[in-house]
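Inspection log for the structure reproduced underneath, given as structure tokens.
Residue numbers (my numbering): 424 to 585.
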């Protein structure tokens with residue numbers, strides 16, 4: 424029996440599912456770790472500081488909307504993964520899937536960090552005297568995840584094409 428040659432197009436459904444799941448799960452990680460456990464910031468904490476009940480309530484609502492969006496990305500990723508699983512032409516690879524999750528998480532960190540921390544300034548990773556360092560570190564971490572995830576996927580592609 425001859426092995427099928429794999430094309431990048433065949434892996435696209437698995438990669439797309441992994442990216443959507445990575446964005447959703449990356450958002451949940453950010454919300455649970457930075458918003459709830461460490462309580463470093465909330466969605467609007469730079470423009471509506473947690474100094475009174477009204478601002479606390481408003482930040483909680485926006486944190487909830489943020490989590491709802493994370494949930495949507497996660498569900499879309501699961502649906503895409505389910506559909507990819509039903510296709511015989513989609514090669515399954517843990518390495519490709521993990522690389523895709525890393526890209527998705529990195530995209531979340533980079534885009535959210537760029538928009539919310541830098542452009543809109545609605546919150547910062549860790550407000551205070553070194554907030555720019557934390558914000559830039561968050562952007563760098565997101566970019567690093569994207570690069571590493573891409574390398575992981577490319578490495579898998581190189582191995583399969585030999």
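We put the beta carbon where it would ideally sit given N, CA and C, even for glycine.
Where the alpha helix (DSSP H) through residue i begins and ends
| i | result |
| --- | --- |
| residue 494 | 476–508 |
| residue 525 | 517–535 |
Whole-angstrom distance between residue j and residue i, CA atom to CA atom
| i | j | result |
| --- | --- | --- |
| residue 514 | residue 576 | 13 Å |
| residue 530 | residue 433 | 22 Å |
| residue 435 | residue 448 | 20 Å |
| residue 526 | residue 558 | 19 Å |
| residue 456 | residue 486 | 12 Å |
| residue 370 | residue 482 | No information on residue 370 is available, as it lies outside the stretch 424 to 585 that the chain covers here. |
| residue 537 | residue 512 | 37 Å |
| residue 437 | residue 541 | 32 Å |
| residue 519 | residue 545 | 35 Å |
| residue 480 | residue 466 | 11 Å |
| residue 528 | residue 569 | 8 Å |
| residue 471 | residue 547 | 12 Å |
| residue 492 | residue 534 | 14 Å |
| residue 551 | residue 522 | 34 Å |
| residue 440 | residue 508 | 10 Å |
Residue i CB to nearest heavy atom of the ligand SAM below 7 Å
| i | result |
| --- | --- |
| residue 511 | In the structure on display, the ligand SAM does not appear, and there are no ligands present to speak of. |
Reference residue i; option with closest CA among the options
| i | options | result |
| --- | --- | --- |
| residue 578 | 459, 532 and 516 | 516 |
| residue 549 | 450, 451, 461 and 474 | 461 |
| residue 464 | 554, 567, 572 and 571 | 554 |
inquiry  = If contact is defined by three or more beta carbon pairs under 8 Å, each pair taking one atom from either stretch, is the segment 485–504 in contact with the segment 445–463?
reply    = With the cut-off at 8 Å, the segment 445–463 and the segment 485–504 touch.
query = Do the segment 560–578 and the segment 486–495 touch if we need at least three Cβ pairs shorter than 8 Å?
reply = no
task = Scan the segment 442–467 and note each continuous beta strand (DSSP E) run of 3 residues or more that stays entirely inside, going in chain order.
result = none
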